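>
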């Protein structure tokens, strides 16, 4: 536990939508500077809250289907899914406290 996991268009349904606990999806891209700022924070949170929430990363350039389905217009977009449904979403690099609050809203 305690690390983020990469998901793809192919694994999104099983890894996110069918998860028995809330999942925070980080929609990101290689070329995105703010995405690189958020990444270590998500690793930290995964280490601290990994028993309550799963944190996954979806590269929108490699997996455009899922990004299109959830209308991801900018990266990073962080969306919490609970029981297969998106419940809360924020766009842009945010401080760790805000990311934790986002996750806690779904617990």
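Residue numbers (the working numbering): 93 to 199.
Where a beta carbon is used, it is the ideal one built from N, C-alpha and C, also for glycine.
Small disclaimer: the values here were computed from a predicted structure and weren't measured.
DSSP on residue 156, reduced to helix/strand/coil?
Correct three-state label for residue 156: helix.
> For residue 102, is the beta carbon positioned less than 7 Å from some heavy atom of the ligand NAD?
Absent from the structure shown: the ligand NAD. Ligands present: none.
> For residue 131, name the three-state secondary structure that DSSP assigns.
Residue 131 falls in the helix class under three-state DSSP.
> Closer than 8 Å is the cut-off here; do at least three beta carbon pairs connect the stretch 165 to 182 with the stretch 118 to 137?
The answer is yes - the stretch 118 to 137 touches the stretch 165 to 182, with three or more Cβ pairs under 8 Å.
> What are the boundary residues of the beta strand (DSSP E) that includes residue 116?
Its beta strand (DSSP E) spans residues 115 to 120.
> CB residue 134 to CB residue 158, shorter than 8 Å?
Against a cut-off of 8 Å, the Cβ pair of residue 158 and residue 134 comes out as no contact.
> Measure the C-alpha to C-alpha separation of residue 167 and residue 184 and round it to an integer number of angstroms.
Answer to the nearest angstrom: the Cα atoms are 6 Å apart.
> In the DSSP assignment, the beta strand (DSSP E) including residue 83 goes from what residue to what residue?
With the chain covering only 93 through 199, there is no way to say anything about residue 83.
> What does a CB cutoff of less than 7 Å around residue 111 pick up in its chain, not counting 5 residues either side in sequence?
For residue 111, where only same-chain residues beyond five positions count, the Cβ hits under 7 Å are 146.
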